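Protein sequences appear in the order of chains A, B and C. Anchor point for the first sequence: position 128 equals 128 in the numbering used here, and the numbering is continuous, going up by one each time. Anchor point for the second sequence: position 325 equals 472 in the numbering used here, and the numbering is continuous, going up by one each time. Anchor point for the third sequence: position 144 equals 648 in the numbering used here, and the numbering is continuous, going up by one each time. Heads up, the beta-carbon is just placed ideally off N, CA and C, and yes, glycines get one too. None of these values were measured; they are calculated from a predicted model.
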Amino acid sequence: MTSGEAPARRGVLNWLLGLTGGSVLASIFYPVVRYLAPPDIPEAAALSVNAGSAQALPANSARVVPFGARPAIVIRTPGGELRAFSATCTHLDCTVQYRPDLQRIWCACHNGEYDLNGRNVAGPPPRPLDAYDVNVTGDEITITRRS
Amino acid sequence: MSLRAWLDERLPLSDVIDTLRHKRVPHHRYSVWYYFGGATLFLFLIQVGTGALLLLYYRPSAAEAYESVQFIVSRVPFGWLVRSIHAWAANLMVASAFAHLFSVLFLHAYRRPRELTWISGFALLLLTLAFGFTGYLLPWNEVSFFATRVGTDIAASIPLVGEALVRFLRGGDDVTGATLTRLFGFHVAILPAIATALIALHLLLVQRHGMSVPPSVEAQASADPRAVRSIPFLPHFLLRDLFAWTAVVAVLAALATFYPWELGAKADPFAPAPAGIRPEWYFLWAFETLKHVPPTVAGLNGEFVAVAMMGAGAVGALLLPLLVASARARSVVTWIGAAALLFMGAMTVLALRAGQP
Amino acid sequence: MRVRGCGTAVVLVAFALLAGHAHAQTTFEAATAAFKDDVHGQAGLTCAGCHATGGSGTYAAPPRTAVAMRCASCHSDAAFMRKFDPQVRVDQLLQYQTSVHGRRMAAGDPRAATCTDCHDAHGVRRVRDPRSPVAPLNVVTTCGRCHGDPVRMAPFGRSAAPPGEWAASVHAAALVARGDTSAPTCVSCHGSHGATPPGVESVANVCAQCHLREAELFRASPKRDIFDAIGQAECLVCHGNHRIASPGDSWVGVEEGAVCEQCHDAASASGAAIVATRRQLDELQTAVSGAAALLTRAEHAGMLVDEGRLALQLAREHQVQSRVLVHAFDAAPFSKAASEGLAAAGQAQDAGEAAMRELRFRRQGLAVATLLILAFLLTLWAKIRRLPAPPA
Numbered sequence: 001m002t003s004g005e006a007p008a009r010r011g012v013l014n015w016l017l018g019l020t021g022g023s024v025l026a027s028i029f030y031p032v033v034r035y036l037a038p039p040d041i042p043e044a045a046a047l048s049v050n051a052g053s054a055q056a057l058p059a060n061s062a063r064v065v066p067f068g069a070r071p072a073i074v075i076r077t078p079g080g081e082l083r084a085f086s087a088t089c090t091h092l093d094c095t096v097q098y099r100p101d102l103q104r105i106w107c108a109c110h111n112g113e114y115d116l117n118g119r120n121v122a123g124p125p126p127r128p129l130d131a132y133d134v135n136v137t138g139d140e141i142t143i144t145r146r147s
Numbered sequence: 148m149s150l151r152a153w154l155d156e157r158l159p160l161s162d163v164i165d166t167l168r169h170k171r172v173p174h175h176r177y178s179v180w181y182y183f184g185g186a187t188l189f190l191f192l193i194q195v196g197t198g199a200l201l202l203l204y205y206r207p208s209a210a211e212a213y214e215s216v217q218f219i220v221s222r223v224p225f226g227w228l229v230r231s232i233h234a235w236a237a238n239l240m241v242a243s244a245f246a247h248l249f250s251v252l253f254l255h256a257y258r259r260p261r262e263l264t265w266i267s268g269f270a271l272l273l274l275t276l277a278f279g280f281t282g283y284l285l286p287w288n289e290v291s292f293f294a295t296r297v298g299t300d301i302a303a304s305i306p307l308v309g310e311a312l313v314r315f316l317r318g319g320d321d322v323t324g325a326t327l328t329r330l331f332g333f334h335v336a337i338l339p340a341i342a343t344a345l346i347a348l349h350l351l352l353v354q355r356h357g358m359s360v361p362p363s364v365e366a367q368a369s370a371d372p373r374a375v376r377s378i379p380f381l382p383h384f385l386l387r388d389l390f391a392w393t394a395v396v397a398v399l400a401a402l403a404t405f406y407p408w409e410l411g412a413k414a415d416p417f418a419p420a421p422a423g424i425r426p427e428w429y430f431l432w433a434f435e436t437l438k439h440v441p442p443t444v445a446g447l448n449g450e451f452v453a454v455a456m457m458g459a460g461a462v463g464a465l466l467l468p469l470l471v472a473s474a475r476a477r478s479v480v481t482w483i484g485a486a487a488l489l490f491m492g493a494m495t496v497l498a499l500r501a502g503q504p
Numbered sequence: 505m506r507v508r509g510c511g512t513a514v515v516l517v518a519f520a521l522l523a524g525h526a527h528a529q530t531t532f533e534a535a536t537a538a539f540k541d542d543v544h545g546q547a548g549l550t551c552a553g554c555h556a557t558g559g560s561g562t563y564a565a566p567p568r569t570a571v572a573m574r575c576a577s578c579h580s581d582a583a584f585m586r587k588f589d590p591q592v593r594v595d596q597l598l599q600y601q602t603s604v605h606g607r608r609m610a611a612g613d614p615r616a617a618t619c620t621d622c623h624d625a626h627g628v629r630r631v632r633d634p635r636s637p638v639a640p641l642n643v644v645t646t647c648g649r650c651h652g653d654p655v656r657m658a659p660f661g662r663s664a665a666p667p668g669e670w671a672a673s674v675h676a677a678a679l680v681a682r683g684d685t686s687a688p689t690c691v692s693c694h695g696s697h698g699a700t701p702p703g704v705e706s707v708a709n710v711c712a713q714c715h716l717r718e719a720e721l722f723r724a725s726p727k728r729d730i731f732d733a734i735g736q737a738e739c740l741v742c743h744g745n746h747r748i749a750s751p752g753d754s755w756v757g758v759e760e761g762a763v764c765e766q767c768h769d770a771a772s773a774s775g776a777a778i779v780a781t782r783r784q785l786d787e788l789q790t791a792v793s794g795a796a797a798l799l800t801r802a803e804h805a806g807m808l809v810d811e812g813r814l815a816l817q818l819a820r821e822h823q824v825q826s827r828v829l830v831h832a833f834d835a836a837p838f839s840k841a842a843s844e845g846l847a848a849a850g851q852a853q854d855a856g857e858a859a860m861r862e863l864r865f866r867r868q869g870l871a872v873a874t875l876l877i878l879a880f881l882l883t884l885w886a887k888i889r890r891l892p893a894p895p896a
């Protein structure tokens, strides 16, 4: 090879090296930068979860929300108090609902009933519903598992 | 004044660059093994980096550890990648460290004046294994919980200090949240501090003494000078090292994508141990050996004898260069090393096959 | 014969065995040992409370036909029983007298069951004591001593199969295997003191105690009047009475082996409705199990699919509801529940597919990254090759 070609080839090679090397570095730094930005839900929903608007929950009504992989029920009692329980019936795992006419938590599968403290009061359920702590910040209800 | 000149006035920049410019690395038929030391270092740096990233989201308590790892792999962008790379690089680092150890052993690079390099290196190998053991529990899943319990149980067979050692490792009598916090502290603070100091020493010594040339190649060189060439560190060796390191990155990315690390089931301390609990592959050989040891050996507890022998082997390996002076001794060491490698390999294969349903 | 001090001298009591009676001659030792755990003994009642003292202290057992009256002399006296348990019922004798056992006993047949056959004579425990023969887990054994014994049942022309059949049912499985004490035993449907099989018209009322939803739907459906008219017991025709097994989607149909086929045939309008119902049930089952399999595959591949699992749980609940709504025998509400189930199963399927897409996206991302790395490695290799040969 002539002495004129070699520097040109080296120049192209170096340029190519820079380009490919830069793209490799970019493909490493892009995931790192994305990783560092906090996700929308900043922490695991294992211990607590947002249960929606407090204003949108009138007295003597309830809302079922997901809590991790199981459902939870948030109730506003006729007296206006907010309470939250696991919504999985302790009999055969159906999802319970609120009955405003009975003012009780009711399971459609075998007519089980729980009172507003989560205690099993009628029908087959053998155990009360697990209770969760309820906190309201602004208009947002947060329910937290009790450890 | 240029930036370079400004820095040069304050830092020994020119000295470093000059040294590197003049540095040369031997180049012979065995010099490909030189790359394993650098690869191990590179993998350690990857662990520090991915470990620091994981630390931003991980929570070291029994109530939250598993959920935080689940959060990392499911909700954090590229969290699955960071976690899987951390887990795979750990395994690759242990493998690379062992490859580095055995290549140094068989190429006799531990001989004078590199005894301290060997000793610090062997200590680093033990630290690497400790990193692996402490890190394994941190996801707090079923497999890691029981593997830690079984692993720490083995310490109990050491006489006099066994019980105390187990309590020290577990932070109590059994594996609990206290164990998790304690091993976490070891994994992210204490072991890295010791490792950093030892790595600094190790690298300083390597820099001081340069790369060792095996005796057989040296003998050849006296007959034929062309047998031992050397290449400049900058750019020849460095670019080759960069090649190796980039290849490691490619392998890690592939492993993380095609064999993502499992989350497993959350640890339940009250559940019975599931069948087939065993430690990570680099401890399997010791595990399998203990399984095959007879209950008593020469009147002593079999497990104790095996652990004692492994301990003696480790001490012997640590102090190897101080025990070996002559060429005869070195060839004995080669045979012992080959036997040890074969033994560890055979035990590992046996253990893996026993695990197959 | 109320509470009175017992004499010190006691003799063996000979208890005349009547043919077929469950208890052997009760020795004095056995009786006093058992009486230690007896709720009557703990309340202060003594042997003389139930037994007439004979000469030299023998305690004669009351004749079987008189046992019920003797027990009732206390247990039907509300003012007396209130002293021991303010809430205890005092209508057991009245109920007994309406029962088949009571009526036979009143007619003089000593083979029928009386109080001591189920409650024991000397070691009477409360019903809630798990060692009591009438505790829920022990009921079928107690009833089965006669009703499961072909020798005892033959003279009455009754089958001895029911206890064994019940033991093979879902109710027995719930009680014994899962410990669900809300599951029915013999007494839940037949009554205890007033033990009688429920009549054809009242079977639905018995099942409705727990299966309220199905009963309500059935009563509002055209089937109820039809069954009453043809004299068929409601729930029994499809579900049986003792050996009640888990119902399956395959029961709904007009082919051989399906339950509806007993009365309906494929040609009629009702047959078409049945076939349509079955089709929807099968469709829903396919959707649910398909989504479940996909979600499991995604999880095993390392993806997390919480929302999918929730949707699948919802789909399963809609599936349960649609199966319950079969009892309405009306296409509209059933179809509504089935299509809600299909929608939820579809959501679960979508979540699973999204997870698999994300997995593919990751692999594509890796492919790109690997290509870049390979390009770099290639260029680097070329660069290394072209480095000037190092001086030796």
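### 8 Å Cβ cutoff met for V756 of chain C and T781 of chain C
Looking up residue 756 of chain C in the third sequence gives position 252. Looking up residue 781 of chain C in the third sequence gives position 277. The answer is yes: Cβ separation under 8 Å.
### Task
Give the single residue among B:A394, B:G357 and B:A391 whose Cα lies nearest to the Cα of S377 of chain B.
The count along the second sequence starts at 1 and reaches residue 377 of chain B at position 230. It is B:G357 whose Cα lies nearest to the Cα of S377 of chain B.
### Message
Between which residues of its own chain and D130 of chain A is the CB-CB distance below 6 Å, once the five residues before and five after are set aside?
### Response
By one-based count along the first sequence, residue 130 of chain A stands at place 130. Excluding residues within five positions, the ones whose Cβ falls inside 6 Å are S86.
### Query
Are any of the Cβ atoms in chain C nearer than 8 Å to that of A212 of chain B?
As a first step, residue 212 of chain B is located in the second sequence; it is residue number 65 there, counting from the start. Taking 8 Å as the threshold, the shortest C-beta distance from A212 of chain B to chain C does not fall below it.
### Message
For C510 of chain C and T602 of chain C, I'd like the C-alpha separation in whole angstroms.
### Response
Translated into the one-based positions of the third sequence, residue 510 of chain C becomes position 6. Translated into the one-based positions of the third sequence, residue 602 of chain C becomes position 98. The predicted position of C510 of chain C is uncertain, since its pLDDT is 47 and thus under 50; a value taken from the coordinates is nonetheless stated next. T602 of chain C has its alpha-carbon roughly 36 Å from the corresponding atom of C510 of chain C.
### Three or more C-beta pairs below 8 Å linking the stretch 810 to 817 of chain C and the stretch 852 to 865 of chain C
Cβ pair count under 8 Å is three or more, so yes.
### Query
Out of curiosity, what's the CA-to-CA distance linking H525 of chain C and R615 of chain C?
Numbered from 1 along the third sequence, position 21 holds the residue referred to as residue 525 of chain C. Numbered from 1 along the third sequence, position 111 holds the residue referred to as residue 615 of chain C. Unreliable positioning characterises H525 of chain C in this predicted model, as indicated by a pLDDT of 42, which lies under 50. The coordinate reading is nonetheless provided below. Rounded to whole angstroms, H525 of chain C to R615 of chain C spans 7 Å at the Cα level.
### Task
Quickly, what does DSSP pair Q97 of chain A with across the bridge? List them, please.
Here residue 97 of chain A refers to the residue found at position 97 when the first sequence is read from its first residue. Per DSSP, A:W106.
#### Entry: Beta-carbon neighbours of T874 of chain C, restricted to chain E and to distances below 8 Å
Considering every chain present, this structure includes no chain E. Its protein chains are A, B and C.
#### Entry: N-terminal and C-terminal residue of the alpha helix (DSSP H) that L878 of chain C is part of
Position 374 of the third sequence, counted from the start, is the residue given in the question as residue 878 of chain C. A835 to R889 is the span of the alpha helix (DSSP H), which, as asked, contains L878 of chain C.
### Query
Counting only beta-carbon atoms, is I41 of chain A nearer than 8 Å to chain B?
Sequence index remark: in the first sequence, residue 41 of chain A carries index 41 (1-based). For I41 of chain A, the answer is yes, since a Cβ of chain B falls inside 8 Å of its Cβ.
#### Entry: CB contact below 8 Å: D165 of chain B versus chain C
Taking the first residue of the second sequence as position 1, residue 165 of chain B is located at position 18. Chain C places no beta carbon closer than 8 Å to that of D165 of chain B, leaving this residue out of the contacts.
### Message
Under 8 Å, with one C-beta from each stretch per pair, do the stretch 631 to 649 of chain C and the stretch 726 to 736 of chain C reach the 3-pair mark?
### Response
Counting Cβ pairs under 8 Å, fewer than three are found: no touch.
### Message
Strictly below 8 Å CB to CB, what residues from chain B border V24 of chain A?
### Response
The residue labelled residue 24 of chain A in the question sits at position 24 within the first sequence. Under the 8 Å cutoff, chain B gives T393 and V396.
### Message
Considering Cα atoms alone, identify which of C:Q853, C:H555, C:E718 and C:G806 is closest to A625 of chain C.
### Response
By 1-based counting over the third sequence, the position of residue 625 of chain C is 121. Ranked by Cα distance from A625 of chain C, the first of C:Q853, C:H555, C:E718 and C:G806 is C:H555.
### Message
Taking the beta strand (DSSP E) that S53 of chain A belongs to, which residues open and close that run?
### Response
Counting from one through the first sequence, the residue named residue 53 of chain A turns up at place 53. Here the beta strand (DSSP E) through S53 of chain A covers S48 to S53.
### Message
Comparing C-alpha positions only, which one of C:D769, C:F532, C:D786 and C:A664 sits nearest to E759 of chain C?
### Response
Your numbering for residue 759 of chain C matches position 255 in the third sequence. Answer by Cα proximity: C:D769.
### Query
What are the residues of the stretch 801 to 826 of chain C that lie near chain B, defined by any Cβ-Cβ distance shorter than 7 Å?
Going along the stretch 801 to 826 of chain C in chain order, one finds G806 and L808 with a Cβ nearer than 7 Å to chain B.
### Query
At a CB-CB cut-off below 9 Å, which residues of chain A make contact with R717 of chain C?
Counting from one through the third sequence, the residue named residue 717 of chain C turns up at place 213. Correct list: A108, C109, H110 and N111.
#### Entry: Presumed contact (8 Å Cβ cut-off) between P207 of chain B and F331 of chain B, rounded CB distance
For the purposes of this step, residue 207 of chain B is taken as residue 60 along the second sequence, with counting starting at 1. For the purposes of this step, residue 331 of chain B is taken as residue 184 along the second sequence, with counting starting at 1. The pair is a contact, with the Cβ atoms about 4 Å apart (cut-off 8 Å).
### Task
Sort B:D415, B:I232, B:F384 and B:V322 by Cα distance to I28 of chain A and report the nearest one.
Locating residue 28 of chain A in the first sequence gives position 28, where the first residue counts as 1. Of B:D415, B:I232, B:F384 and B:V322, the residue nearest in Cα terms is B:I232.
### Message
Below 8 Å on the Cβ atoms is my contact criterion, and I expect M240 of chain B with Q194 of chain B to pass it. Report the Cβ-Cβ distance as a whole number of Å.
### Response
By one-based count along the second sequence, residue 240 of chain B stands at place 93. By one-based count along the second sequence, residue 194 of chain B stands at place 47. Yes, they are in contact, since the Cβ atoms of M240 of chain B and Q194 of chain B sit about 7 Å apart, within 8 Å.
### Task
Report the residues of the stretch 76 to 110 of chain A with a CB closer than 8 Å to any CB of chain C, ordered along the chain.
Considering only beta carbons, the part of the stretch 76 to 110 of chain A lying closer than 8 Å to chain C consists of H91, C94, T95, A108, C109 and H110, in chain order.
### Query
Does the beta carbon of K887 of chain C sit closer than 8 Å to a beta carbon anywhere in chain A?
The count along the third sequence starts at 1 and reaches residue 887 of chain C at position 383. Taking 8 Å as the CB threshold, K887 of chain C lines the interface with chain A.
### Message
Across the stretch 438 to 445 of chain B and the stretch 410 to 428 of chain B, are there enough close Cβ pairs to call them in contact, namely three or more that are closer than 8 Å?
### Response
Taking a contact to require three or more Cβ pairs closer than 8 Å, the stretch 438 to 445 of chain B and the stretch 410 to 428 of chain B do not qualify as touching.
### Message
By the three-class DSSP mapping on this structure, what secondary structure does R10 of chain A have?
### Response
Walking along the first sequence from the start, residue 10 of chain A turns up at place 10. In the three-state scheme derived from DSSP, where H, G and I count as helix and E and B as strand, R10 of chain A is classed as helix.
### Task
With a cut-off of 8 Å on the beta carbons, I'd call V96 of chain A and I75 of chain A a contact; round off their distance for me.
The count along the first sequence starts at 1 and reaches residue 96 of chain A at position 96. The count along the first sequence starts at 1 and reaches residue 75 of chain A at position 75. Actually they are not in contact, since the Cβ atoms of V96 of chain A and I75 of chain A sit about 10 Å apart, beyond 8 Å.
### Contact the stretch 274 to 281 of chain B vs the stretch 383 to 399 of chain B: 3+ CB pairs below 8 Å
As far as the Cβ criterion goes, the stretch 274 to 281 of chain B does not touch the stretch 383 to 399 of chain B, which means the pair count is below three.
### Query
Is there a Cβ from chain A that is less than 8 Å from the Cβ of F189 of chain B?
Counting from 1 along the second sequence, the entry for residue 189 of chain B is found at position 42. So no, F189 of chain B is outside the interface.
#### Entry: Ordered list of alpha helix (DSSP H) runs contained in the stretch 763 to 842 of chain C, each at least 4 residues
For secondary structure counted as the alpha helix (DSSP H) over 4 or more consecutive residues, the stretch 763 to 842 of chain C holds these complete runs in sequence order: 773 to 804 and 810 to 829.
### Query
Cα separation between Q367 of chain B and A871 of chain C?
If you number the second sequence from 1, residue 367 of chain B lands on position 220. If you number the third sequence from 1, residue 871 of chain C lands on position 367. If you take the alpha carbons of Q367 of chain B and A871 of chain C, they lie about 46 Å apart.
### Query
Between F253 of chain B and G484 of chain B, which are expected to be in contact by the criterion C-beta below 8 Å, what is the C-beta distance as a whole number of angstroms?
Taking the first residue of the second sequence as 1, we reach residue 253 of chain B at position 106. Taking the first residue of the second sequence as 1, we reach residue 484 of chain B at position 337. Your pair F253 of chain B and G484 of chain B checks out as a contact, with CB atoms roughly 6 Å apart and the cut at 8 Å.
### Task
Determine the chain A residues that contact C714 of chain C at a beta-carbon separation under 9 Å, and present them in chain order.
Here the question's residue 714 of chain C lines up with position 210 in the third sequence. Going along chain A in sequence order, the residues near C714 of chain C (Cβ under 9 Å) are H110, N111, G123 and P124.
### Query
Listing by chain order, which chain C residues have their CB less than 7 Å from the CB of N20 of chain A?
Counting from 1 along the first sequence, the entry for residue 20 of chain A is found at position 20. The displayed chain sequence assigns Thr, not Asn, to residue 20 of chain A. Below the 7 Å Cβ cutoff, chain C contributes L876, A879, F880 and T883 as neighbours of T20 of chain A, in chain order.
### Task
Could you tell me which of C:V830, C:R682, C:Q851 and C:A879 sits nearest to S754 of chain C, measuring between CA atoms?
As a working mapping, residue 754 of chain C is identified with position 250 in the third sequence. Ranking the options by Cα distance to S754 of chain C, first place goes to C:V830.
### Message
With the cut-off set at 8 Å, would you say A842 of chain C and S826 of chain C are in Cβ contact?
### Response
Locating residue 842 of chain C in the third sequence gives position 338, where the first residue counts as 1. Locating residue 826 of chain C in the third sequence gives position 322, where the first residue counts as 1. Cβ atoms of A842 of chain C and S826 of chain C: closer than 8 Å.
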